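Colleague: Can you read through this structure? Questions will come right after.
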Amino acid sequence: MQNYADNMRDFVEKHATGLAVALVAGVSALALRRWMSGGVCRSRVRLDGKTVLITGANCGIGKETALDMANRGAKVIMACRDMTKARIAADEIRQQSGNGNVVVKKLDLASLQSVRDLAKEIQENEERLDILINNAGIMFCPKWETEDGFEMQFGVNHLGHFLLTNTLLDLLKKSTPSRIVNVSSTAHEKGRIHFEDINLDKDYDPYTSYRQSKLANVLFSRELASRLKDTGVTVYSLHPGVIRTELGRHLFPTLAMWKRIVAAAVMTFVKSPWEGAQTTLHCAIDESLANSSGLYYSDCAPKEPAPQALDDAAAKRLWDLSASMVGLA
Numbered sequence: 000m001q002n003y004a005d006n007m008r009d010f011v012e013k014h015a016t017g018l019a020v021a022l023v024a025g026v027s028a029l030a031l032r033r034w035m036s037g038g039v040c041r042s043r044v045r046l047d048g049k050t051v052l053i054t055g056a057n058c059g060i061g062k063e064t065a066l067d068m069a070n071r072g073a074k075v076i077m078a079c080r081d082m083t084k085a086r087i088a089a090d091e092i093r094q095q096s097g098n099g100n101v102v103v104k105k106l107d108l109a110s111l112q113s114v115r116d117l118a119k120e121i122q123e124n125e126e127r128l129d130i131l132i133n134n135a136g137i138m139f140c141p142k143w144e145t146e147d148g149f150e151m152q153f154g155v156n157h158l159g160h161f162l163l164t165n166t167l168l169d170l171l172k173k174s175t176p177s178r179i180v181n182v183s184s185t186a187h188e189k190g191r192i193h194f195e196d197i198n199l200d201k202d203y204d205p206y207t208s209y210r211q212s213k214l215a216n217v218l219f220s221r222e223l224a225s226r227l228k229d230t231g232v233t234v235y236s237l238h239p240g241v242i243r244t245e246l247g248r249h250l251f252p253t254l255a256m257w258k259r260i261v262a263a264a265v266m267t268f269v270k271s272p273w274e275g276a277q278t279t280l281h282c283a284i285d286e287s288l289a290n291s292s293g294l295y296y297s298d299c300a301p302k303e304p305a306p307q308a309l310d311d312a313a314a315k316r317l318w319d320l321s322a323s324m325v326g327l328a
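Heads up, the sequence shown is in our numbering, so the first residue is 0 and it goes up one at a time.
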């Protein structure tokens, strides 16, 4: 026993610097991981008798949001493009929550007709809609076009949700108090709306496109909140955090090998889908937000968005342009 203690003391003395560095690195990594995990939705509200529609609910934070809503007793409508994945996810949610009232509906946000078809089905078959969560999205894809000829990221992330929300407004108003939650991103801070070239035909860049679409989410929320003032329908936009999901699937293959290695290391510290869903849940159900509308949130708390996201004239101009593009003008 004495020899073991002596050997340990000798080892520590010889490797004191290395051990100290390892300890500091470990503590720092733990602190960074805890900081990156963000806030947690503390609401214990039940949603029995309520109906929630979530776009892109078959994976990532959308699936975690759907599971939480099902656990609270809500009827959950999972509006998804990939029906095979959606049905598998719905089965898992039913099993985990014990809530059989989880249904799957087809929605391709890259098709305005698909959006209209879903909205019509919801209007005809649902008596109420208490929470609409515009969660689905695409990020950093090549220069693709939607079925209607729009740039893909702007079309899916903004225009599809713009049309869906507007076509479901009557049902949301009928179900007040009700909420609309738009999942944006901190990427909006570097974005601008290219009104002169909204589809970025002149000089497409996937990063520029994504930032524009996320800024559009915040501006849309702001203008929508203004238009819905005193109706009982409140609106929220948010940054969910940096999360381990499929959203970045178009980015990773384009990176140089060294960047892939760095990205893989960074992914160790980013949020899990459960952690990433917390701000969405906070905006959708927390009782303290009942009288708030049009604000932007991050880590379950209000946050001042970028100056260009507070431009009411730009928000109105974007609304008019979007309405024209989707046939609502």
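Heads up, the beta-carbon is just placed ideally off N, CA and C, and yes, glycines get one too. Predicted, not measured: the structure shown is a model, and the values here were computed from it.
1) Restricting to runs no shorter than 4 residues, where is the alpha helix (DSSP H) found entirely within the stretch 88-167?
2) In the DSSP assignment, find the alpha helix (DSSP H) that holds Cys282 and state where it starts and stops.
3) Which residues share a DSSP beta bridge with Thr50?
4) Between Ile242, Ser292, Tyr296 and Pro176, which has its C-alpha nearest Lys270's C-alpha?
5) Give the range of the alpha helix (DSSP H) segment to which Val234 is assigned.
6) Within the same chain, show all residues whose beta-carbon is closer than 6 angstroms to that of Cys282, passing over the 5 residues directly before and after it, in chain order.
7) With DSSP as the reference, label Tyr203 as helix, strand or coil.
8) Three-state secondary structure (DSSP) at Asn342?
9) Touching or not, the stretch 88-102 and the stretch 130-144, by the rule of three or more beta carbon pairs under 8 angstroms?
10) Are Ala73 and Leu46 close, meaning C-beta to C-beta below 8 angstroms?
11) So what does Asn181 bridge to, in DSSP terms?
12) May I ask which residues mark the beginning and end of the beta strand (DSSP E) holding Leu320?
13) If Thr279 sits next to Val182, beta carbons under 8 angstroms apart, how far is it from one beta carbon to the other, in whole angstroms?
14) Is the beta carbon of Ala65 closer than 8 angstroms to that of Ala56?
15) Among Gly37, Lys13 and Thr16, which residue has its Cα nearest to the Cα of Asp298?
16) Hey, how far is the Cα of Ala28 from the Cα of Cys40?
17) DSSP state of Ala308, grouped into three classes?
18) Would you identify the three-state DSSP class for Lys270, choosing helix, strand or coil?
19) With distances taken between CB atoms, is the gap from Arg127 to Lys172 smaller than 8 angstroms?
20) Please work out which residues of its chain come closer than 8 angstroms, Cβ to Cβ, to Ala328, disregarding the five sequence neighbours upstream and downstream, and give them in chain order.
21) Starting from the C-beta of Asp285, find all residues in its chain whose C-beta is less than 6 angstroms away, skip the five residues before and the five after it, and write them out in chain order.
Modeller: According to the structure data:
1) 111-124 and 160-166
2) Sequence index remark: in the sequence shown, residue 282 carries index 283 (1-based). Where Cys282 is concerned, the enclosing alpha helix (DSSP H) stretches over Gln277 to Ile284.
3) Indexing the sequence shown from 1 puts residue 50 at position 51. Answer is Lys74, bridged to Thr50.
4) As a working note, residue 270 is residue 271 in the sequence shown. Here the closest residue by C-alpha is Ile242.
5) Here the question's residue 234 lines up with position 235 in the sequence shown. Unbroken run through Val234 is the beta strand (DSSP E), Val232 to His238; no alpha helix (DSSP H).
6) Locating residue 282 in the sequence shown gives position 283, where the first residue counts as 1. Answer for Cys282: Val180, Tyr235, Leu237 and Tyr296, listed in chain order.
7) Residue 203 sits at position 204 when you count from the first residue of the sequence shown. Here Tyr203 carries a coil assignment [DSSP, helix/strand/coil].
8) This structure cannot settle anything about residue 342, because the visible part of the chain is limited to 0 through 328.
9) no
10) Here residue 73 refers to the residue found at position 74 when the sequence shown is read from its first residue. Here residue 46 refers to the residue found at position 47 when the sequence shown is read from its first residue. Going by C-beta atoms, Ala73 is nearer than 8 angstroms to Leu46.
11) Sequence index remark: in the sequence shown, residue 181 carries index 182 (1-based). Bridge partners of Asn181: Asn133 and Ser236.
12) The sequence position of residue 320 within the sequence shown is 321, counting from 1. Counting along the chain, Leu320 falls outside any beta strand (DSSP E), though it belongs to the alpha helix (DSSP H) covering Asp311 to Val325.
13) Counting from 1 along the sequence shown, the entry for residue 279 is found at position 280. Counting from 1 along the sequence shown, the entry for residue 182 is found at position 183. With a Cβ gap of about 6 angstroms, Thr279 and Val182 count as contacting.
14) Numbered from its first residue, the sequence shown carries residue 56 at position 57. Numbered from its first residue, the sequence shown carries residue 65 at position 66. Cβ distance < 8 angstroms, so Ala56 and Ala65 count as in contact.
15) As a first step, residue 298 is located in the sequence shown; it is residue number 299 there, counting from the start. Residue Gly37 is the option with its Cα nearest to Asp298.
16) Walking along the sequence shown from the start, residue 28 turns up at place 29. Walking along the sequence shown from the start, residue 40 turns up at place 41. Only weak support is given to the placement of Ala28: the predicted model assigns it a pLDDT of 37, under 50, and the value that follows is read from those uncertain coordinates. Each residue's Cα considered, the two are about 24 angstroms apart.
17) Counted from its first residue, the sequence shown places residue 308 at position 309. Here Ala308 sits in helix by DSSP.
18) What you label residue 270 is simply residue 271 of the sequence shown in a count that begins at 1. Looking at Lys270 - three-state DSSP - the assignment turns out to be strand.
19) Your numbering for residue 127 matches position 128 in the sequence shown. Your numbering for residue 172 matches position 173 in the sequence shown. With respect to the 8 angstroms criterion, Arg127 and Lys172 are not classified as neighbours on the basis of their beta carbons.
20) Here residue 328 corresponds to residue number 329 of the sequence shown, with the count starting at 1. Correct list, in chain order: Asp319 and Ala322.
21) Working through the sequence shown from its first residue, we reach residue 285 at position 286. Cβ within range, chain order: Ser42.
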